[in-house]
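Participant:
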Amino acid sequence: MNDQEVKAWSLECQANDLMKKMEKRGFQASYAPTAEAAKKAVLELVPKTGAVALLGSQTMNQLGVFGALRESGRELVDHALKTAGLSPEEAHDYRRRVFAAEAMLASVNAVDAEGRLYNIDGVGNRVAAMIFGPKKVILAVSLNKVAPTPEEAWRRARNIAAPMNNRRLNTVNPCVKSGRCHNCQLPSSICNYFSIIDRSRPEGRIAVVLIGEEAGY
Ligand code: SF4
Numbered sequence: 008m009n010d011q012e013v014k015a016w017s018l019e020c021q022a023n024d025l026m027k028k029m030e031k032r033g034f035q036a037s038y039a040p041t042a043e044a045a046k047k048a049v050l051e052l053v054p055k056t057g058a059v060a061l062l063g064s065q066t067m068n069q070l071g072v073f074g075a076l077r078e079s080g081r082e083l084v085d086h087a088l089k090t091a092g093l094s095p096e097e098a099h100d101y102r103r104r105v106f107a108a109e110a111m112l113a114s115v116n117a118v119d120a121e122g123r124l125y126n127i128d129g130v131g132n133r134v135a136a137m138i139f140g141p142k143k144v145i146l147a148v149s150l151n152k153v154a155p156t157p158e159e160a161w162r163r164a165r166n167i168a169a170p171m172n173n174r175r176l177n178t179v180n181p182c183v184k185s186g187r188c189h190n191c192q193l194p195s196s197i198c199n200y201f202s203i204i205d206r207s208r209p210e211g212r213i214a215v216v217l218i219g220e221e222a223g224y
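For reference, each letter of the sequence shown is one residue, going 8 to 224 in my numbering.
1. Out of Ala39, Asn151, Arg165, state which residue places its alpha-carbon closest to the alpha-carbon of Cys191.
2. Spell out a yes or no on whether the region 49-58 and the region 131-140 are touching, meaning 3 or more CB-CB pairs, one atom from each, closer than 8 Å.
3. In terms of alpha-carbon separation, which member of Ala44, Leu150, Asn173, Ser202 lies closest to Leu193?
4. Could you round the C-beta distance between Ala39 and Val216 to whole angstroms and report it? I think they count as a contact, below 8 Å.
5. Please return the same chain residues whose Cβ sits closer than 8 Å to the Cβ of Lys89, not counting the five positions on each side in sequence.
6. Report the start-end ranges of each alpha helix (DSSP H) in the region 24-60 that is 4 residues or longer and not cut off at the edges.
7. Taking only the alpha-carbon atoms, compute the straight-line gap between Ser79 and Ala58 and give it to the nearest angstrom.
8. Examine the Cβ distances between the region 139-154 and the region 106-119 and report whether three or more of them are shorter than 8 Å.
9. Considering only DSSP beta bridges, list what Ile138 is partnered with.
10. Using a Cβ-Cβ distance cut-off of 8 Å, determine whether Ala87 contacts chain D.
11. Beta-carbon within less than 7 Å of Phe201's beta-carbon, same chain only, minus the 5 sequence neighbours each way: which residues are those?
12. Please tell me whether, using a cut-off of 7 Å, the distance from the CB of Pro194 to the nearest non-hydrogen atom of the ligand SF4 is below it.
13. Look at the alpha carbon of Glu210 and the alpha carbon of Ala36, and state the distance between them as a whole number of angstroms.
14. Identify every run of the alpha helix (DSSP H) within the region 70-126, keeping only runs that are complete inside it and at least 4 residues long; order them along the chain.
15. Would the C-beta of Asn116 count as close to the ligand ZN, meaning under 7 Å from any of its heavy atoms?
16. What residue range is occupied by the uninterrupted alpha helix (DSSP H) comprising Ala160?
17. Out of Ser64, Glu220, Thr41, state which residue places its alpha-carbon closest to the alpha-carbon of Ala169.
18. Starting from Ala147, trace the beta strand (DSSP E) in both directions and tell me its first and last residue.
19. The alpha helix (DSSP H) with Ser185 in it runs from where to where?
Structural data, given as structure tokens:
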């Protein structure tokens, strides 16, 4: 076995362990070793009919999933493209459509070694819809988001994912300068709703595609 094969084997072992724990929590779990395989796996999980909601996810963007769905002609609730330029009231009304969608696609900010899902959200629509609303929730999660403990999962969400999302969104929050969280408590904060998803109810509603290649943040 060469080094690349050994690394692939190690990641697959890690994914197998995590999938077993996730399945006990009611999640539908699968593993894709590459970004290309992950894109295929995600698209196969998307129901054939009904609206599909695309929630903020750099992982899904990088996999090319959002691009493929935008080109497909499917009915979409496309948060990133459709809320730009809307008034806060109009954006709020648009975001509420997510709850009636057949499925939603997103990622998470961290996963702990026991398979719990961690998110920090600015408006709350992403975490709220993960918990209730769309009949199917499909999450693409790179193994680089797995943290050994709940504390480390929150540390990752707060000090890695949130500052990077602030940077991407070009906010005025202090993490944009330092690259770490200052617990700013500013009106412009994108860290307002913190959620842990411990289980999927009903079982199988939340599907998690674990990815061996690094994707998203
Ligand atoms: S500084 Fe504020 S916006 Fe930035 S990561 Fe911390 S709480 Fe979020």
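Beta carbons are placed, not taken as given, at the ideal position from N, Cα and C, and that holds for glycine. All figures in this text were calculated on a predicted structure; none of them were measured in a lab.
Facilitator: Once the coordinates are examined:
1. Arg165
2. no
3. Asn173
4. 6 Å
5. Tyr101
6. 42-52
7. 12 Å
8. yes
9. The partner list for Ile138 (beta bridge, DSSP) is empty, contrary to what the question assumes.
10. Although the question refers to chain D, the structure presented lacks it and comprises just one protein chain.
11. Ile127
12. no
13. 11 Å
14. 72-79, 86-89, 95-102
15. No copy of the ligand ZN occurs in the structure displayed; its ligands are the ligand SF4 alone.
16. 157-163
17. Ser64
18. 143-149
19. 182-185
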